[in-house]
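Worksheet: the structure to be examined is printed underneath.
There are 2 protein chains.
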Amino acid sequence: MNEEAQDMRIRNKRATREAIGAAALRLAIEQGSPLVRVYDIASEAGVSPRTYNNYFSSREEAICAFQSDRARKMGQALLARPADEPLAEAVVAAVVEHATPEPDRVGLRMIMSTPELEGEALKAFAMAEEPLSAAIAERIGVDPARDTFPDVMAAAVAGAVRVAGRHWLNGDGRESFADVARRTLTHLLPAITRAAP
Amino acid sequence: MNEEAQDMRIRNKRATREAIGAAALRLAIEQGSPLVRVYDIASEAGVSPRTYNNYFSSREEAICAFQSDRARKMGQALLARPADEPLAEAVVAAVVEHATPEPDRVGLRMIMSTPELEGEALKAFAMAEEPLSAAIAERIGVDPARDTFPDVMAAAVAGAVRVAGRHWLNGDGRESFADVARRTLTHLLPAITRAAP
DNA sequence: CCCACAGATTGCGTGCCACGCATATAGTGC
DNA sequence: GCACTATATGCGTGGCACGCAATCTGTGGG
Numbered sequence: 001m002n003e004e005a006q007d008m009r010i011r012n013k014r015a016t017r018e019a020i021g022a023a024a025l026r027l028a029i030e031q032g033s034p035l036v037r038v039y040d041i042a043s044e045a046g047v048s049p050r051t052y053n054n055y056f057s058s059r060e061e062a063i064c065a066f067q068s069d070r071a072r073k074m075g076q077a078l079l080a081r082p083a084d085e086p087l088a089e090a091v092v093a094a095v096v097e098h099a100t101p102e103p104d105r106v107g108l109r110m111i112m113s114t115p116e117l118e119g120e121a122l123k124a125f126a127m128a129e130e131p132l133s134a135a136i137a138e139r140i141g142v143d144p145a146r147d148t149f150p151d152v153m154a155a156a157v158a159g160a161v162r163v164a165g166r167h168w169l170n171g172d173g174r175e176s177f178a179d180v181a182r183r184t185l186t187h188l189l190p191a192i193t194r195a196a197p
Numbered sequence: 001m002n003e004e005a006q007d008m009r010i011r012n013k014r015a016t017r018e019a020i021g022a023a024a025l026r027l028a029i030e031q032g033s034p035l036v037r038v039y040d041i042a043s044e045a046g047v048s049p050r051t052y053n054n055y056f057s058s059r060e061e062a063i064c065a066f067q068s069d070r071a072r073k074m075g076q077a078l079l080a081r082p083a084d085e086p087l088a089e090a091v092v093a094a095v096v097e098h099a100t101p102e103p104d105r106v107g108l109r110m111i112m113s114t115p116e117l118e119g120e121a122l123k124a125f126a127m128a129e130e131p132l133s134a135a136i137a138e139r140i141g142v143d144p145a146r147d148t149f150p151d152v153m154a155a156a157v158a159g160a161v162r163v164a165g166r167h168w169l170n171g172d173g174r175e176s177f178a179d180v181a182r183r184t185l186t187h188l189l190p191a192i193t194r195a196a197p
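Read top to bottom, the protein sequences are chains E and X.
Going by the UniProt record's numbering, the residue at position 16 of the first sequence is 16; the numbering climbs one at a time, nothing skipped.
Going by the UniProt record's numbering, the residue at position 127 of the second sequence is 127; the numbering climbs one at a time, nothing skipped.
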């Protein structure tokens, strides 16, 4: 049962990590990010402050943990798409998967409007680039160390999703995030499809 | 002479800001970013520690100030290109301008390999996006609040330059940064030229 | 020439936080 | 039941951001 025991531990760690992250996000939304104290986050999550920073090394990281995990999943979603699917379709599908359930408007707006969280949010999006690049490289069969195409496309796609989030927030709220993301990705399609004829 | 006096003050502020930023970068390269103390940066720049954080609110911000200013200039460079130049050419030209003089390899490598600085570096690149987007929007005559194209392209271009930096660092050093950047931007050209027929 | 004023620098005090170290606890395999 | 490892926690230390108030500096007016 070694593996299962390890799984148990991993699950537990993930659970507390998510608990802390959720607590941090909730408090940041309620009180505003700069006012949140580490002690409060830890209390809310039911752990010691010392334990809190076994998981996160800054308040920003804890608040944006949700975004980070989302971004990671977006990259992995592309890897999981069927290999015979055209690259452009696979990318759009992976992004749309990642967009469900709809992001939390209030939380996203809080993050976007807080300069201190901006860097962390950008890091979260950047985290999606490596798996995206790997998936693209594998799909079109090039070496990402030699050819810059996968990295460039990954960065462009991540950027398009980020821009979609911004426009979705500023919009009138009647368009779903997935639709906005589809529109932004459309602008990239000529570049994406060019390399996968 | 009111205006000139104001100019003088602005120049002075800019000078001390650059002095502090340069000192921070130099010390970070020499000793490694986490070992640099605020007191040392301030001493090196000839100001008080208290003055240092009138200009920067974190060590990371000071160390990456040079990158931030660079990124800003890249955005403004596009605005300054002749209006009749095709968008794709103007973008490439602006990036190449921004690439001279060649970035400092050691400094860039230090920043790229320090996780704490990663967020700040990403913020620096993101700063270039707004002027880039504005320039693109003006050039093709669309409203950036309605049309996502300028923002998406700005993010893609900034991402391509960032990727170029990474590949340039990992390369054998015989290719200039400008050349690598040209290659990465080439991958975006189909998307860029599509909207400016 | 002196004064008033605004902007910039600086010193000091306060509160917050990241992190190393040592310890307690819990869950696992033998 | 026992040894072991991973995790949680307490405590202490050092560093840093920032508010506040005093000081310094350069500028323009009387």
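All C-beta atoms in this analysis are idealised placements derived from N, C-alpha and C, irrespective of residue type, glycine included.
Given the structure is predicted, the values throughout are model-derived calculations rather than measurements.
Checking 7 Å against the spacing of the C-beta atoms, do residue i and residue j come in under that value?
{"i": "T184/X", "j": "A155/X", "result": "no"}
{"i": "G75/E", "j": "L132/E", "result": "yes"}
{"i": "M153/X", "j": "I140/X", "result": "no"}
{"i": "A22/X", "j": "A71/X", "result": "no"}
{"i": "G107/X", "j": "K123/E", "result": "no"}
{"i": "E61/X", "j": "L117/X", "result": "no"}
{"i": "A77/X", "j": "A94/X", "result": "yes"}
{"i": "residue 206/X", "j": "A42/X", "result": "Outside the shown range of chain X, which is 1 to 197, sits residue 206/X, and nothing can be said about it."}
{"i": "A28/X", "j": "V36/X", "result": "yes"}
{"i": "residue 235/E", "j": "V96/E", "result": "There is simply no residue 235/E to check, as chain E begins at 1 and stops at 197 in what is shown."}
{"i": "D17/E", "j": "Y55/E", "result": "The identity of residue 17/E in the sequence shown is Arg, whereas the question assumes Asp. Yes."}
{"i": "residue 206/X", "j": "P190/E", "result": "Any question about residue 206/X goes unanswered here, given that chain X covers just 1 to 197."}
Suppose the cutoff is 6 Å on Cβ atoms and the five residues either side in sequence are ignored; what does the same chain contact list for residue i look like?
{"i": "E3/X", "result": "Note that E3/X scores a pLDDT of 46, beneath 50, so its modelled location is shaky; the value from the coordinates is reported in the next line. Here the set comprises nothing."}
{"i": "R162/X", "result": "F125"}
{"i": "A134/E", "result": "none"}
{"i": "V180/E", "result": "A164, H167 and W168"}
{"i": "A83/E", "result": "none"}
Could you check if residue i is buried or exposed, using at least 16 other CB atoms within 10 Å of its CB as the buried criterion?
{"i": "P86/E", "result": "exposed"}
{"i": "A90/X", "result": "buried"}
{"i": "K13/X", "result": "exposed"}
{"i": "P115/X", "result": "exposed"}
{"i": "P49/E", "result": "exposed"}
{"i": "S10/X", "result": "The sequence shown places Ile at residue 10/X, rather than the Ser named in the question. Its Cβ having fewer than 16 others within 10 Å, I10/X is exposed."}
{"i": "A15/E", "result": "exposed"}
{"i": "R105/E", "result": "exposed"}
{"i": "M1/E", "result": "Low local confidence applies: a pLDDT of 40 at M1/E is under 50, so the model's placement there is unreliable, and no value is given."}
{"i": "T100/X", "result": "exposed"}
{"i": "A80/E", "result": "exposed"}
{"i": "D151/X", "result": "buried"}
Got a sec? Which residues, its chain only, sit under 7 Å from residue i by beta carbon, not counting five neighbours each side?
{"i": "I192/X", "result": "L87, A88, V91 and M153"}
{"i": "S68/X", "result": "A124 and M127"}
{"i": "H98/E", "result": "R70, K73, M74 and A77"}
{"i": "S176/X", "result": "E102"}
{"i": "V47/E", "result": "T16 and I20"}
Skipping 5 residues on each side, what residues in its chain have a beta carbon closer than 8 Å to that of residue i?
{"i": "P197/E", "result": "Here P197/E scores only 40 on pLDDT, less than 50, and its place in the model should not be relied on; the value that follows carries that caveat. Around P197/E: no qualifying Cβ."}
{"i": "M112/X", "result": "E118, A121, G165, R166 and L169"}
{"i": "I63/X", "result": "G21, A24, L25, A28, S33, V36, I111, L117 and E120"}
{"i": "H187/E", "result": "A160"}
{"i": "G171/E", "result": "V180"}
{"i": "D147/X", "result": "A137"}
{"i": "R109/E", "result": "L169"}
{"i": "E130/E", "result": "G75 and A154"}
Which residues, in order along the stretch 159-175 of chain X, keep a beta-carbon less than 9 Å from a beta-carbon of chain E? Going along the stretch 159-175 of chain X in chain order, one finds G159, A160, R162, V163, A164, R166, H167 and N170 with a Cβ nearer than 9 Å to chain E.
Please list the residues of the stretch 179-195 of chain E that have a C-beta atom closer than 7 Å to any C-beta atom in chain X, keeping them in chain order. So the close ones are R183, T184, H187, L188, P190, A191 and R194.
Any residues in the stretch 16-42 of chain E with a beta carbon nearer than 7 Å to a beta carbon of chain X? Which ones, in chain order? Within the stretch 16-42 of chain E, no residue has a Cβ that lies closer than 7 Å to any Cβ of chain X.
For the stretch 107-136 of chain X, enumerate the residues whose C-beta is nearer than 7 Å to any C-beta of chain E, in chain order. Within the stretch 107-136 of chain X, the residues whose Cβ lies closer than 7 Å to some Cβ of chain E are E118, G119, E120, L122, K123 and A126, listed in chain order.
Interface positions of the stretch 82-104 of chain X facing chain E (Cβ-Cβ less than 7 Å), listed along the chain: Contact annotation: in the stretch 82-104 of chain X, no residue has its CB less than 7 Å from a CB in chain E.
Of all the residues that make up the stretch 142-153 of chain E, which are near chain X by a beta-carbon distance shorter than 8 Å? Of all residues in the stretch 142-153 of chain E, the ones placed with a Cβ closer than 8 Å to any Cβ belonging to chain X are A145, T148, F149, D151, V152 and M153, in chain order.
Output needed in chain order: residues of the stretch 57-69 of chain E with a Cβ under 7 Å from some Cβ in chain X. The residues in question: there are none.
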